[in-house]
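Written below as structure tokens is the structure these notes are about.
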Amino acid sequence: MSAGLAPARSAQRFGSAWNGLGQALRLSPAHAYVLRTVLAMAIAFYAALWLQLATPASSAVTVMIVANLSRGGIVSKGVWRIFGTLTGAVAAVVIMAWFGQSSILFIVAFGFWLGLCTFASSMFRHFRAYGAVLSGYTVALIAIGAIPKPDHVLDYALARLAVVTLGVVVSTLVTMIFQATVTTDSMRVRSRAALRGVANLLLSRADGTPMDDPAFVAERTRLAGEIERLDEAIEFAGAEAPDVSRHAASLRRGLAALYAALLSVSVAGQSLNTLAGIETARRREAAEQNTDLDDHAIVERVRGLLREVAAYDPHTDQDSVVMAEKIAAIAREVTALQSAVVTLDEATTLARIHQELEQLYDCMAPFANWRARQRPYHRGGTLTAFKDYGTARRNGTRSMIAVVLGGLFAYVTAWPQGPTLLLILAASCALLSGAPSAAAASLQFAKGITLSTVVAFIWEFCVLPHLNGYPMLFLSITPVLLVAVYYTIIPKYGLMALGFVIFFITQLNLADLMTYDILSFANGGIAFVLGAWGTVLVFRVILPPNPMRDASYLTRRIRRAAEQLIARSAHPQRRRDWLGWLVTYNQAMQRLFLRLQVNPGLRNRSIGDSGALLIVTQEAIRLQSLLRGMTLPAAEAAETTLALRNLTCLRQPRRAAASAEKASASLAALHAAATEPRPGLLRVAAGFRTIAALMPQVEHLLALEAPLPKDA
0 MSAGLAPARS AQRFGSAWNG LGQALRLSPA HAYVLRTVLA MAIAFYAALW LQLATPASSA
60 VTVMIVANLS RGGIVSKGVW RIFGTLTGAV AAVVIMAWFG QSSILFIVAF GFWLGLCTFA
120 SSMFRHFRAY GAVLSGYTVA LIAIGAIPKP DHVLDYALAR LAVVTLGVVV STLVTMIFQA
180 TVTTDSMRVR SRAALRGVAN LLLSRADGTP MDDPAFVAER TRLAGEIERL DEAIEFAGAE
240 APDVSRHAAS LRRGLAALYA ALLSVSVAGQ SLNTLAGIET ARRREAAEQN TDLDDHAIVE
300 RVRGLLREVA AYDPHTDQDS VVMAEKIAAI AREVTALQSA VVTLDEATTL ARIHQELEQL
360 YDCMAPFANW RARQRPYHRG GTLTAFKDYG TARRNGTRSM IAVVLGGLFA YVTAWPQGPT
420 LLLILAASCA LLSGAPSAAA ASLQFAKGIT LSTVVAFIWE FCVLPHLNGY PMLFLSITPV
480 LLVAVYYTII PKYGLMALGF VIFFITQLNL ADLMTYDILS FANGGIAFVL GAWGTVLVFR
540 VILPPNPMRD ASYLTRRIRR AAEQLIARSA HPQRRRDWLG WLVTYNQAMQ RLFLRLQVNP
600 GLRNRSIGDS GALLIVTQEA IRLQSLLRGM TLPAAEAAET TLALRNLTCL RQPRRAAASA
660 EKASASLAAL HAAATEPRPG LLRVAAGFRT IAALMPQVEH LLALEAPLPK DA
């Protein structure tokens, strides 16, 4: 028994010693990340030299590329990097076998393959997109080097796969050993913070904060970005923890519900404020008439619940279940009140409050079930990712044209470094095509490559010739790597620093036996710089990105998705999973908000407007469900049918608003004339009234469909 416990005790002693050292040095997460990354680069490079791999420096480059602040992120990106390299290696062997004897055909085939991979990457999310891009330009890394010796292309492919796998394995092991925090812990903390943030915004809006208040708008925008990044955290945590992977679809539905709650926070908060005014007026009237009031005080109970959610910090997994049950209990109280409403204002506000509570519960419940080790809460069908076909086609076509033009330039000039230029052009065009602002990203990347060429020249010819042995070699470049790796996690300099680190190591051409040829370095350096700045030119000339055109396309896709969902919901057998649809809708909205970064004011306004469209869609579905179990006079039935039909054609929002307002007025009058209470009529009337009130915001959002100038 003692022998079996020895490894565990040794691991505990090592972990305690490492944690004590970290506390003594007081390393921040950023500093620890930098040290881990540089250490992994040193180990991977040394291992590649010891194994006598063909391009040992590529192992260090791989470490830098897969580096991530989270453990799960490294595992996820590492897996997709190996997959992309393997796929690209197979493609390189096939393309070289078929077209190796004809340079023109090889260039065209490579351009087509890269365009196809870039198209695929634009359809995927997270590191799957990177794997697709890597499959594309790995052909250049392997096949271009094998052009002088086509028979050796398989050797080049295996060498590339070996060095990439080594870098991924070393990076993963170093991170697992020296990073104690697991991705699931980070995901749990961040999801709670996002939930607290939404609750605080609700309370702020309920207290009368204007919807255009700068602080309110800024916090809503920040939370939108944070919830979007949580989807990535689920992906990373799933790569590290099997239980997260099992609950991933349910957790994503929960995040979709939280995102919907954030988008509709302004309307829900205003409804709380309005209902509080109704309750206050009712109490005042009862006091004046000296009558007893059956006061439910639902507003204060909802506020109390929101304050609890805003301070939510569970100490046990069971606390999450308790909080979810509290939200469900208050939601049931609101449902009971909806069945007894007597005024249209009450019905309208209670519907919005109930919807917000329902969305908060749909967010809380899947996380509670996950932590309680229960079955996934949301067990719907497979989630469908949003696919931006227009952007994908443009990105793929751009990459293909750029590679063909660059290859023809290398072929016509017969420049020995032409293949290097083609490689830089291909990799940069593919990698940066997914950036929200690819033109600006290409400029930052080009600056990093240019700076790396200058610094690599200084190090290779002024520093390295005076050193001997691996320890001195790596120690000499460590200060440069420490600074550059640190700047990769600063958003303003991230792409520039990443380009610098990757191509600084690449251009040093580190090997067992160093050779110093200033003319060869200068020739290669010119190719690197021309390739980098050629990429900048490509993104400004060949199918240049136009954020406002993309926003117009995305808005049209979003409108059609809402119209189709409303139309399908009229037939119960064709109804879609609401939260599953919401996941896709939110992904489309997130892409839209990224495109609108060029106009922050319009972006902030669109976040609120998208919430209005979401509420209109959900109300239309709810109304169809309510009306199926209700008998109406012919005139009112015709008006409600027309109003719902108009919602399947949102390109005419004013017509939809007018018909919804008319249906609401008719149903309210029918309720007033009834001899006995019919709260169902008021709920339907309130739904149409909400739709009519929100249509101006929907119209403002859908105005993005109109063609706008690039700098609008």
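Here numbering that gives the first Met the number 0 is used: the first residue of the sequence shown is 0, the next is one more, and so on.
Positions of the beta carbon are idealized from the N, C-alpha and C atoms, including for glycine.
Query, Result
"Short Cβ contact (7 angstroms threshold) for P678 with S203", "no"
"Cβ-Cβ distance between A671 and A691 below 7 angstroms", "no"
"Coarse secondary structure for V697, derived from DSSP in three states", "helix"
"CB of V173 within 7 angstroms of CB of L38, strictly", "yes"
"Rounded separation between R727 and R602 - CA only", "Since the displayed the chain opens at 0 and closes at 711, residue 727 lies outside it and no answer follows."
"Within the region 474-526, ranges of the alpha helix (DSSP H) (whole runs, at least 4 residues)", "493-507"
"Entirely enclosed beta strand (DSSP E) segments - the region 164-214, minimum 3 residues", "none"
"Beta-carbon separation (whole angstroms), T396 vs G114, contact threshold 8 angstroms", "6 angstroms"
"Segment contact flag, the region 235-246 with the region 295-314, C-beta cutoff 8 angstroms, min 3 pairs", "no"
"Cβ-based neighbour list, M95, same chain, cut-off 7 angstroms, excluding 5 preceding and 5 following", "A142, A145, P149, V152"
"Check whether F527 and T477 have beta carbons under 7 angstroms apart", "no"
"Cβ pair A685, A346 closer than 7 angstroms", "yes"
"Among P28, T36, Y45, nearest to D511 - alpha-carbon criterion", "Y45"
"Length of the line joining the Cα atoms of V78 and V167", "8 angstroms"
"CB-CB length for V537 against A401, believed under 8 angstroms", "5 angstroms"
"Cβ of N522 within 7 angstroms of any chain B Cβ", "Among the chains in the structure shown there is no chain B, since it carries only a single protein chain."
"Inside the region 68-117 only - alpha helix (DSSP H) runs reaching at least 4 residues", "70-98"
"Sequence ranges, alpha helix (DSSP H) only - wholly within the region 411-475, length at least 4", "417-431, 437-457"
"Reduced DSSP category for Q617 - H, G, I as helix; E, B as strand; rest coil", "helix"
"Inter-residue spacing [alpha-carbon to alpha-carbon] between F473 and A41", "7 angstroms"
"Any beta strand (DSSP E) of 3 or more consecutive residues that is wholly inside the region 249-283", "none"
"Cβ-based burial, R556 [other Cβ within 10 Å; buried from 16]", "buried"
"Span of the alpha helix (DSSP H), counted from its first residue to its last, around M549", "With the sequence shown as reference, residue 549 is identified as Asp, and Met is not the correct amino acid for it. Start and end: 546-568."
"N- and C-terminal bounds of the alpha helix (DSSP H) containing P652", "652-672"
"Beta carbon of A193 nearer than 7 angstroms to that of I226", "yes"
"Meets three-Cβ-pair contact criterion under 8 angstroms: the region 55-65 and the region 494-505", "yes"
"Given 8 angstroms, three or more beta-carbon pairs between the region 568-585 and the region 620-634", "yes"
"Assigned secondary structure, L681 (DSSP; H/G/I helix, E/B strand, else coil)", "helix"
"Cβ pair L229, S263 closer than 7 angstroms", "no"
"K76 burial status per 10 Å Cβ neighbour count (16 or more: buried)", "buried"
"Terminal residues of the alpha helix (DSSP H) in which G303 lies", "297-309"
"Contact under 7 angstroms by Cβ, N545 with S121", "no"
"Range covered by the alpha helix (DSSP H) that runs through V321", "316-337"
"Status (buried if at least 16 other CB within 10 Å, exposed otherwise) for R80", "buried"
"Beta-carbon gap between L701 and A550 smaller than 7 angstroms", "no"
"Touch test, the region 577-585 against the region 255-273, Cβ-Cβ under 8 angstroms, three pairs minimum", "yes"
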